[in-house]
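Engineer:
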Amino acid sequence: MKKILGLALIVLILLFASVKFNEYQRSTVFTRLDGNTVLEVEITELKSMLDILYQDEYNTKSTYEEIIDEFGPNILYNNLIQAEAQHMNALERIYTRYELQIPNMDARTPNLPDNLLDTYTLGKEAEEANIALYDKYLDEDLPEDIRFTFERLMNASYHHLDAFNQAIANDGNLDSFYMMRQGGMRGRNFRSRP
1 MKKILGLALI VLILLFASVK FNEYQRSTVF TRLDGNTVLE VEITELKSML DILYQDEYNT
61 KSTYEEIIDE FGPNILYNNL IQAEAQHMNA LERIYTRYEL QIPNMDARTP NLPDNLLDTY
121 TLGKEAEEAN IALYDKYLDE DLPEDIRFTF ERLMNASYHH LDAFNQAIAN DGNLDSFYMM
181 RQGGMRGRNF RSRP
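Numbering of the sequence shown is given in our numbering, commencing with residue 1 and proceeding in unit increments.
1. Going by CA-CA distance only, name the one from Asn165, Met49 and Leu174 that's closest to Ile94.
2. Give me the residue from Leu142, Tyr137, Ile146 and Lys124 with the minimum Cα distance to Ala169.
3. What's the call for Phe21, buried or exposed, on a 16-neighbour Cβ count within 10 Å?
4. To the nearest angstrom, how far is the alpha carbon of Tyr64 from that of Ile43?
5. Looking at Arg97 and Gln55, is the spacing between their C-beta atoms short of 9 Å?
6. What separation, rounded to the nearest whole angstrom, lies between the Cα atoms of Glu99 and Lys47?
7. Mapping the DSSP letters down to three states, classify Glu99 as helix, strand or coil.
8. Considering only the alpha carbon of each residue, which of Asn104, Glu144, Asp135 and Pro110 lies closest to Ile67?
9. With the cut-off set at 9 Å, would you say Leu53 and Tyr137 are in Cβ contact?
10. For Tyr58, collect the residues of the same chain with a Cβ closer than 7 Å to its Cβ; drop the 5 residues on either side in sequence, then sort them by chain order.
11. Note down the Cα distance separating Asn79 from His160, rounded to an integer number of angstroms.
12. Relative to the C-alpha of Asn115, which residue among Asn155, Asp171 and Gln82 is closest?
13. Taking the alpha carbon of Gln86 as the reference point, which residue from Glu144, Phe164, Tyr77 and Leu153 has its own alpha carbon closest?
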């Protein structure tokens, strides 16, 4: 009987220790860098970053969808809507990997300009704001997989910004954008941070 009680006590202690360890793991994200260094990022900070970025990507996608609803199909916005959805998917993979809840989003979109040409300036400003967010968060100590994803998403936003700048410079003529999509965009270099 004493042996059974002793075994039961040991099992309870191990179970309690396991639960406490799992709670600790959930409260802190660990990743190994260079096989030695352990980098800690508080889950609440990571969740806050992700939520802000996810909301920004969602708002941008919603704005581009509203522009198409208002002004009709447009190759630039059609492509960017798909790209923004891919950005959201990349962030969703981080949420899933770190067992974080993906937030429900309500679109916060600006009032649209009266003409299509002015929407390109709106898009340019949205992409500049997006780049600034990623740039800010890349100054933080991040796990390597998150840093890689943020850098890729920021680089994609630079491509979006280039497309808007080109559309603005050409008074809304998207012929050059179409040609860039056909041959050049995939071959562009990855932009590094200054």
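Every residue gets a Cβ at the ideal spot worked out from N, C-alpha and C, and that includes glycine. Because the structure is a prediction, the values reported are computed rather than measured.
Structural biologist: Straight from the coordinates:
1. Met49
2. Lys124
3. Low confidence applies here, because Phe21 scores a pLDDT of 43, under 50, leaving its location unreliable and the question unanswered by this model.
4. 31 Å
5. no
6. In this structure, the straight-line span from the alpha carbon of Glu99 to that of Lys47 is close to 10 Å.
7. DSSP, reduced to helix, strand and coil, places Glu99 outside both helices and strands of the structure shown, so it counts as coil.
8. Of the residues Asn104, Glu144, Asp135 and Pro110, the one whose Cα lies closest to the Cα of Ile67 is Pro110.
9. yes
10. Met88, Met105 and Ala107
11. 10 Å
12. Asp171
13. The shortest C-alpha to C-alpha distance from Gln86 to any of Glu144, Phe164, Tyr77 and Leu153 is the one to Leu153.
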